[in-house]
Amino acid sequence: MTRETEKTRQPTDDLIALLDAADRLPGAEELRASSYDLLGAEAGASMVDVGCGAGRAVAELAERGVKAVGVDPDERMTTVARDRWPEADFRIAEAYELPLPDASVDGYRADKVFHELDDPKRALAEARRVLAPGGRIVLVGQDWDTFVIDSDDPALTRTIVHARADLTVSPHAARRYRNLLLNACFADVTVEVHTGVFTGPMMLPLLTGLAEGACSTGAVTRAQIDNWVAEQRARADADRLFLALPMFLASATAPR
Numbered sequence: 349m350t351r352e353t354e355k356t357r358q359p360t361d362d363l364i365a366l367l368d369a370a371d372r373l374p375g376a377e378e379l380r381a382s383s384y385d386l387l388g389a390e391a392g393a394s395m396v397d398v399g400c401g402a403g404r405a406v407a408e409l410a411e412r413g414v415k416a417v418g419v420d421p422d423e424r425m426t427t428v429a430r431d432r433w434p435e436a437d438f439r440i441a442e443a444y445e446l447p448l449p450d451a452s453v454d455g456y457r458a459d460k461v462f463h464e465l466d467d468p469k470r471a472l473a474e475a476r477r478v479l480a481p482g483g484r485i486v487l488v489g490q491d492w493d494t495f496v497i498d499s500d501d502p503a504l505t506r507t508i509v510h511a512r513a514d515l516t517v518s519p520h521a522a523r524r525y526r527n528l529l530l531n532a533c534f535a536d537v538t539v540e541v542h543t544g545v546f547t548g549p550m551m552l553p554l555l556t557g558l559a560e561g562a563c564s565t566g567a568v569t570r571a572q573i574d575n576w577v578a579e580q581r582a583r584a585d586a587d588r589l590f591l592a593l594p595m596f597l598a599s600a601t602a603p604r
């Protein structure tokens with residue numbers, strides 16, 4: 349492997365490690381199961397998981413007897429997914445141009461995807477194209493301005509959260525799920541909020557990542573970030589860390 353190849357692979361491998369860690373968090377398995385239930389994921393149904401990452405949801409849907417297709421634009425990501433789940437169907441494609449015929453699937457799922465899209469409306473138009481009449485759509489994700497973090501410096505914490513949110517393409521996509529689905533003429537739109545509460549050191553990498561992202565924008569100084577991260581580490585050591593993270597789960601029905 350060349351150094352250039354290593355450089356190309358590393359960001360994706362880091363993201364895979366982050367997604368794997370997120371999949372192991374308390375409540376993550378239950379949240380995925382809720383998304384499958386809202387899809388009506390039953391044996392014989394056909395579904396697409398958009399932005400499938402390393403493929404865990406596709407594999408879990410297959411365990412339910414679903415004919416699932418995983419789609420992701422990252423070639424390295426799909427390679428890892430195929431290595432992990434060789435019997436599953438993974439394809440390289442963008443959310444805007446799915447490699448599926450019109451009205452060909454019963455369910456469409458996108459987990460932690462829409463905040464990365466610069467045109468969510470276009471993605472939903474594509475979802476409508478591939479969904480059969482009466483098919484189900486489920487969107488899962490976080491609002492990047494709603495990290496609830498206890499800190500000795502609330503003002504700095506707000507600055508960090510908002511500065512990191514500004515690095516995200518569509519940081520408020522999750523709070524817009526309902527209106528996006530209604531505007532795309534989906535029916536039976538519902539939204540649930542599943543809030544994870546975390547108090548242990550497992551969330552320190554996430555908090556450090558938020559801080560480093562904020563620092564990269566120039567909104568805060570290196571000294572401020574170092575002090576803030578040190579405080580969060582001390583809180584974790586003393587069992588005083590607190591992070592609440594709401595996850596939004598929206599579902600709807602394609603027009604008949």
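Quick note, the sequence shown lines up with residues 349 to 604 if you use my numbering. Note that the Cβ used here is the ideal one computed from N, Cα and C, for glycine as well. Only a predicted model underlies this, so the values are computations on that prediction, with no experimental measurement involved.
**Prompt:** Do residue 418 and residue 437 come within 8 Å of each other at the CB atom, strictly closer than that value?
**Reply:** Cβ distance < 8 Å, so residue 437 and residue 418 count as in contact.
**Request:** Determine, using beta carbons only, whether residue 605 and residue 600 come nearer to each other than 8 Å.
**Result:** Residue 605 lies beyond the stretch modelled for the chain, which goes from 349 to 604, so this question has no answer here.
**Prompt:** In the DSSP assignment, what are the bridge partners of residue 458?
**Reply:** Beta-bridge pairing links residue 458 to 398 and 487.
**Prompt:** Going by DSSP, which residues form a beta bridge with residue 543?
**Reply:** The secondary-structure analysis by DSSP pairs residue 543 across a beta bridge with 594.
**Asked** Using 8 Å as the threshold, is the stretch 378–395 in touch with the stretch 430–446, meaning 3 or more CB pairs across them?
**Response** With the cut-off at 8 Å, the stretch 378–395 and the stretch 430–446 do not touch.
**Request:** Identify every residue that forms a DSSP beta bridge with residue 419.
**Result:** Partner(s): 398 and 439.
**Prompt:** Cα-Cα, which of 587, 473, 552 and 514 is closest to residue 533?
**Reply:** Among 587, 473, 552 and 514, the Cα nearest to that of residue 533 is on 473.
**Request:** Give the DSSP-derived three-state secondary structure of residue 538 in the structure shown.
**Result:** The answer is strand: DSSP assigns residue 538 an E or B state.
**Request:** Name, in chain order, the residues that DSSP records as bridge partners for residue 601.
**Result:** Residue 601 pairs with 484 and 535.
**Asked** Helix or strand or just coil, what does DSSP make of residue 373?
**Response** Per DSSP, reduced to three states, the secondary structure at residue 373 is coil, with no helix or strand assignment.
**Request:** For residue 470, I'd like the list of residues in its chain whose CB is within less than 6 Å of its CB, leaving aside the five on either flank, ordered along the chain.
**Result:** Taken in chain order, the residues that qualify are 444.
**Item:** Own chain, CB closer than 7 Å to residue 367, minus 5 neighbours either side, in chain order
**Value:** Here the set comprises 401 and 402.
**Request:** Pull up the distance between the alpha-carbon of residue 603 and that of residue 481, whole angstroms please.
**Result:** Roughly 6 Å between the two C-alpha positions.
**DSSP-derived helix/strand/coil call for residue 568** = In this structure, residue 568 counts as coil in the three-state DSSP scheme.
**Request:** Give me the Cβ distance between residue 393 and residue 457, rounded to the nearest whole Å; I'm assuming they're in contact under 8 Å.
**Result:** Cβ-Cβ separation between residue 393 and residue 457: approximately 12 Å, too far for a contact (criterion under 8 Å).
**Prompt:** Since residue 529 sits in a beta bridge, which residues does DSSP pair it with?
**Reply:** Bridge partners of residue 529 according to DSSP: none are assigned.
**Request:** Would you decide whether residue 515 is buried or exposed? Buried here means 16 or more other CB atoms lie within 10 Å of its CB.
**Result:** Exposed, because fewer than 16 other Cβ atoms sit within 10 Å of the Cβ of residue 515.
**Request:** Could you check if residue 411 is buried or exposed, using at least 16 other CB atoms within 10 Å of its CB as the buried criterion?
**Result:** By the neighbour-count criterion, in which a residue is buried when 16 or more other Cβ atoms sit within 10 angstroms of its Cβ, residue 411 is exposed.
**Asked** What do you get for residue 365, buried or exposed, if any count of 16 or more other CB atoms within 10 angstroms of its CB means buried?
**Response** So residue 365 counts as exposed.
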